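Colleague: Numbering (the numbering used here), first residue to last: 1039 to 1590.
Backbone N, C-alpha and C fix where the C-beta goes; we use that ideal spot for every residue, glycine too.
In this text the structure is predicted, and so the values were computed from the model without any measurement.
Take a look at this one; I'll ask things after.
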RNA sequence: GCACCCGUAGCUCAGCUGGAUAGAGCGUUGGCUUGCGGAGCCAAAGGUCGUGAGUUCGAAUCUCGCCGGGUGUACCA
């Protein structure tokens, strides 16, 4: 519908002024019609003529069967009203398959084995999943992947503390940790290891040596020594814990890229490109000279010959490229590594420009709890993923006096998703579960309510081609859905969906307040609208991976 | 020091490829009320869009300076 009108405007411009233009259609205030365009204002500048006069001429010559009338307003806007019939027809529009045939990779969450999942992981898991959904709904073949450090200093710190706790390298002692305790038990060990690393020289030396031993496990394919048994068992515990978490959230990864896999790839690639002059030696390390591009210079291989995070990331990116040859790769991380990522990508651009061109790095801010409540674990101020979910459950318990996982999860997800990604998020549990206001549960309830209406009335054949004012407003709003999805896909910004769904629910509630549906003489058309409304709510929430129950 | 991000109503945020009176929610104040799920609806109050310039017919939106906050800046991730 939208493109049809855009074409009609483009034709009129061509005929009248012999100018090729791609008109931009916006959805204005309802009083200004269904669509509006400012082409006349743009043309006015180009042609040096009064935009209002241009608008008048254009307005008279835009021809499309879908249009009921056009009007010139303000400095030269052309406002366009669709016929009721075509507005109704637009309810059946499908989401544009703008990414059909494309392969997309979405990498998000990226937790480190042996460590606890914090609020940032929860956030990127939720948003990443929604973004992957957007790519999927636009027709792309989407691969969800995850990255994490199963080797490195943090693992060595954990391993040191684990061995202390077990009274030596006694893998059999691990059996004493029950399965439900494992995740907490591991994160405790990391905290202990991290503490001694800072305070105790002997322990630090021991940890450094453990770090090497962990890398050696991979080189020697050791799965059977006592040390190896401890490592592999605990590593698996971590992955079990992650998978359980993702299952709870309703997201699923096709593949994990552990650092143990990407490190050798990165090392190899960086060494190859060192010969070609992309990277260079400096103070015994291998660096990329970012300063030539107004970026930082960063170390990719340290002076001991070990790959840094930079090289591991090169390995990761190359592995994804080899595995998928993607048209689009989306990486979602915190915004603290934005400068870092620019350097890594700039270096790769020197030898795989197409890969970098197809890569999009999206970043988010910190997740904080409203009211400044310190949910600090014993070390530092990390807000854990579970703390946040617990806070939602507690808040929900308080208002509804019962727990409902679909509602709590919907509340958290929506609270994260409704905000444009980029800046810090202040999460307010009470507000998120609240049944009034712009919240997930509000929309879930709105959907359940619509379903309840539909359950009471049979949908008939709706033949009406004219609409009453409130019906028209609702229809107009529902018909915006596919355009909003297009925009969200285009920008990879799920919050557009949230904003829209909330406005839609408000529009519906406004309609429903004054207009009877069941047992009204306009029942058939109204039921059709309620059905479309419920479908859009369900589909929209679905794009956000939020459940839309029929009853609450 | 330099670089990047952020600064819109009391609070939390939309709006940012420049366009018509800057919009929501929460909170505050007032109204609707035996309802097809009132978990709703209507209304009011509340804004120098951090600040000062510039570009433009037109700036919350683009450019520059300044102020405030955050992050990053060579062998951590």
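1. Please classify residue 1192: is it buried, with 16 or more other beta-carbons within 10 angstroms of its beta-carbon, or exposed?
2. Give the DSSP-derived three-state secondary structure of residue 1548 in the structure shown.
3. In whole angstroms, give me the CA-to-CA distance for residue 1148 and residue 1162.
4. Check each candidate in 1281, 1299, 1509, 1582 and name the one with the smallest Cα separation from residue 1292.
5. Look at the Cβ atom of residue 1113, then the Cβ atom of residue 1090, and state whether they are nearer than 9 Å.
6. Which of the three DSSP states, helix, strand or coil, is assigned to residue 1324?
7. Leaving out five residues on either side along the sequence, give the residues of the same chain with a beta carbon under 7 Å from the beta carbon of residue 1593.
8. Roughly how many whole angstroms lie between the Cα atoms of residue 1587 and residue 1287?
9. What did DSSP end up calling residue 1066 once you bin it into helix, strand or coil?
10. Alpha carbons only, please: which of 1453, 1569, 1270 is nearest the one belonging to residue 1470?
11. What does a CB cutoff of less than 7 Å around residue 1568 pick up in its chain, not counting 5 residues either side in sequence?
12. Tell me the start and end of each unbroken beta strand (DSSP E) in the region 1422-1495 that is at least 3 residues and wholly inside, in chain order.
13. According to DSSP, is residue 1318 part of a helix, a strand, or is it coil?
14. With a CB to CB cut of under 7 Å and the five nearest residues on each side skipped, what residues in its chain are close to residue 1462?
15. Of all the alpha helix (DSSP H) runs that stay within the bounds of the region 1154-1187, which reach a length of 4 or more residues?
16. Bridge partners for residue 1119 per DSSP, in chain order?
17. Compute the distance between the beta-carbons of residue 1530 and residue 1169, then report whether it is under 9 Å.
18. Can you name the start and end residues of the alpha helix (DSSP H) that residue 1041 belongs to?
19. State the DSSP-derived secondary structure class of residue 1336, mapped to helix, strand or coil.
20. When the Cα atoms are used, what is the spatial distance from residue 1227 to residue 1515?
21. Kindly identify the DSSP beta-bridge partner or partners of residue 1145.
22. Per DSSP, residue 1406 is paired with what?
23. Please tell me whether residue 1484 and residue 1543 are closer than 9 Å, where the distance is taken between their beta carbons.
24. What is the DSSP secondary structure of residue 1533, counted as helix, strand or coil?
25. Would DSSP call residue 1300 helix, strand or coil?
26. Rounded to a whole number of angstroms, what is the C-alpha to C-alpha distance between residue 1224 and residue 1153?
27. According to DSSP, what are the bridge partners of residue 1397?
28. Take every Cβ of the region 1347-1359, pair it with every Cβ of the region 1295-1305, and state whether three or more of those distances are shorter than 8 Å.
29. Classify residue 1159: buried if its beta carbon has 16 or more other beta carbons within 10 angstroms, exposed otherwise.
30. If you follow the beta strand (DSSP E) that residue 1075 is in, where does it begin and where does it stop?
31. Residue 1416 to residue 1230, Cα distance in whole Å?
32. Spatial neighbours of residue 1141 within its chain, please: CB distance less than 6 Å, with the 5 preceding and 5 following residues excluded, ordered by chain position.
33. Check the C-beta distance from residue 1449 over to residue 1589 and give it rounded, since I have them as a contact under 8 Å.
34. At which residue ranges does the region 1185-1234 contain complete beta strand (DSSP E) runs of 3 or more residues, listed in the order of the chain?
35. The alpha helix (DSSP H) with residue 1331 in it runs from where to where?
36. With a threshold of 7 Å on Cβ separation, who are the neighbours of residue 1327 within its own chain once the five nearest residues in sequence on each side are excluded?
Modeller: Short version:
1. The residue in question, residue 1192, is buried, as its Cβ has 16 or more Cβ neighbours within 10 Å.
2. In the structure shown, residue 1548 sits in a helix (DSSP, three-state: H, G or I).
3. 9 Å
4. Ranking 1281, 1299, 1509, 1582 by Cα distance to residue 1292 puts 1281 first.
5. yes
6. DSSP places residue 1324 in strand when its eight states are reduced to three.
7. The question about residue 1593 has no answer here: the residues shown for the chain are numbered 1039 through 1590.
8. 16 Å
9. Judged by DSSP in its simplified three-state form, residue 1066 adopts coil rather than helix or strand.
10. 1453
11. 1488, 1491, 1492, 1555
12. Within the region 1422-1495, the runs of beta strand (DSSP E) at least 3 residues long that lie entirely inside it are, in chain order, 1463-1465.
13. Correct three-state label for residue 1318: strand.
14. 1403, 1404, 1406
15. 1157-1175
16. 1107
17. yes
18. 1040-1055
19. strand
20. 54 Å
21. 1183, 1369
22. Note: residue 1406 is bridge-paired with 1464 in the DSSP secondary-structure output.
23. yes
24. helix
25. helix
26. 7 Å
27. Answer by DSSP bridge pairing, in chain order: 1367.
28. The region 1347-1359, when compared against the region 1295-1305, does touch it at the 8 Å Cβ threshold.
29. Buried, by the Cβ-count rule.
30. 1073-1075
31. Since pLDDT at residue 1416 reaches only 41, below the 50 mark, its modelled position is unreliable, and no value is offered.
32. Closer than 6 Å at the Cβ level, and outside the excluded window around residue 1141, lie 1179, 1362, 1364, 1365.
33. In fact, because the Cβ distance is near 18 Å, the residues do not count as touching under 8 Å.
34. Whole beta strand (DSSP E) segments, 3+ residues: zero.
35. Unbroken run through residue 1331: none, as it is neither H nor E.
36. Excluding the 5 residues flanking it on each side, residue 1327 has same chain C-beta neighbours closer than 7 Å at 1318, 1335, in chain order.
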